[in-house]
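In the numbering used here, the protein residues as written are 8 to 297. By construction, the Cβ of each residue, glycine as well, lies at the ideal position given by its N, Cα and C atoms.
Laid out in structure tokens, this is it:
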């Protein structure tokens with residue numbers, strides 16, 4: 008025989024909830040007395056305080072082993088990569104000579120990018136260094152901070168400097184300048200005490216034919232040893248990395264040309280098929296003329 012429970016009214020349910028929240032007869036709040044709540048809160052306060060202290064101590068100990076200036080592990084960047092400026096999506100440099108808006112965005116990016124290279128700024132912040140040798144600045148037991156940097160003047164970029172240039176880095180005339188820079192790697196002695204330079208070619212035979220002639224600044228795409236080693240962003244506060252500018256003089260118009268530039272240095276590998284940017288960079292160049 009099934010005995011049905013007596014159905015409680017809405018008022019009874021409300022009264023039971025009120026009594027659960029505060030029972031005036033037993034002086035219990037939500038089923039516990041004030042003393043019981045005090046012990047529970049004290050337990051959790053001590054427990055979470057201990058966990059917080061342990062976490063803080065662990066982080067403090069770990070941070071004692073980390074330098075503020077040099078990453079502890081740098082194995083991911085053993086070989087520096089190359090990158091181009093102006094920086095574009097998918098590394099496509101497309102110029103429509105008759106359409107100012109198509110290349111003005113590149114010009115604005117280059118103006119901003121090259122501003123720290125102005126001769127006046129370089130003379131104010133950086134040193135005139137001796138070419139052909141590394142600019143080493145050892146600590147010798149005492150923190151040598153900040154490190155000095157060598158001047159790389161904008162005028163070294165010749166026809167691609169953009170200084171007083173009515174052609175806007177050649178973009179308005181279909182002879183654009185593309186800038187090659189090597190990514191920074193801390194304490195890396197690029198070149199292994201030997202000269203190094205950047206070279207550019209068309210990736211395929213048809214690209215080589217359509218690429219035409221070009222000039223490089225500095226001459227032959229040279230990168231001097233004096234800009235190395237790089238000591239890190241916090242150490243080398245005024246460091247401006249060396250650039251190579253490539254001015255393309257007569258690219259076949261209305262044709263997409265695949266260009267690859269790579270650095271030639273004895274200690275920089277450029278044939279790693281797993282890393283397309285290790286010591287090299289490939290980009291597409293198209294000059295549209297109507």
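Per-residue DSSP class, three states only, for residue 99:
Your numbering for residue 99 matches position 92 in the chain shown. Looking at residue 99 - three-state DSSP - the assignment turns out to be strand.
Which word fits residue 168, buried or exposed, when buried means at least 16 other C-beta atoms lie within 10 angstroms of its C-beta?
Position 161 of the chain shown, counted from the start, is the residue given in the question as residue 168. Result: buried.
Which residues in the same chain have their Cβ closer than 6 Å to the Cβ of residue 104, if we skip the five residues on either side of it in sequence?
Along the chain shown, one-based indexing puts residue 104 at 97. The answer, listed in chain order, is 181 and 296.
List, from N- to C-terminal side, the beta strand (DSSP E) runs of 3 residues or more that fit wholly inside the segment 189-256.
203-209, 221-224 and 250-255
C-beta atoms of residue 42 and residue 34 nearer than 8 Å
For the purposes of this step, residue 42 is taken as residue 35 along the chain shown, with counting starting at 1. For the purposes of this step, residue 34 is taken as residue 27 along the chain shown, with counting starting at 1. No, the Cβ-Cβ distance between residue 42 and residue 34 is not below 8 Å.
Are any of the Cβ atoms in chain B nearer than 8 Å to that of residue 287?
You won't find chain B in this structure, because it holds only one protein chain.
Please list the terminal residues of the continuous beta strand (DSSP E) segment that includes residue 73.
Counting from 1 along the chain shown, the entry for residue 73 is found at position 66. Element bounds for residue 73: n/a, residue is neither H nor E.
Please list the terminal residues of the continuous alpha helix (DSSP H) segment that includes residue 119.
For the purposes of this step, residue 119 is taken as the residue at position 112 of the chain shown. 107-121 is the extent of the alpha helix (DSSP H) around residue 119.
8 Å Cβ cutoff met for residue 93 and residue 117
Sequence index remark: in the chain shown, residue 93 carries index 86 (1-based). Sequence index remark: in the chain shown, residue 117 carries index 110 (1-based). Going by C-beta atoms, residue 93 is nearer than 8 Å to residue 117.
Rounded to whole angstroms, what's the CA-CA distance from residue 218 to residue 256? Just pull it up for me.
Walking along the chain shown from the start, residue 218 turns up at place 211. Walking along the chain shown from the start, residue 256 turns up at place 249. Their Cα atoms are separated by approximately 9 Å.
Option in 271, 292, 244 and 166 with minimal Cα separation from residue 261
Stepping through the chain shown from its first residue, residue 261 is reached at position 254. Selected option, being the one with the closest Cα: 292.
CA-CA distance, residue 158 and residue 61?
For the purposes of this step, residue 158 is taken as residue 151 along the chain shown, with counting starting at 1. For the purposes of this step, residue 61 is taken as residue 54 along the chain shown, with counting starting at 1. Residue 158 and residue 61 have their C-alpha atoms roughly 48 Å apart.
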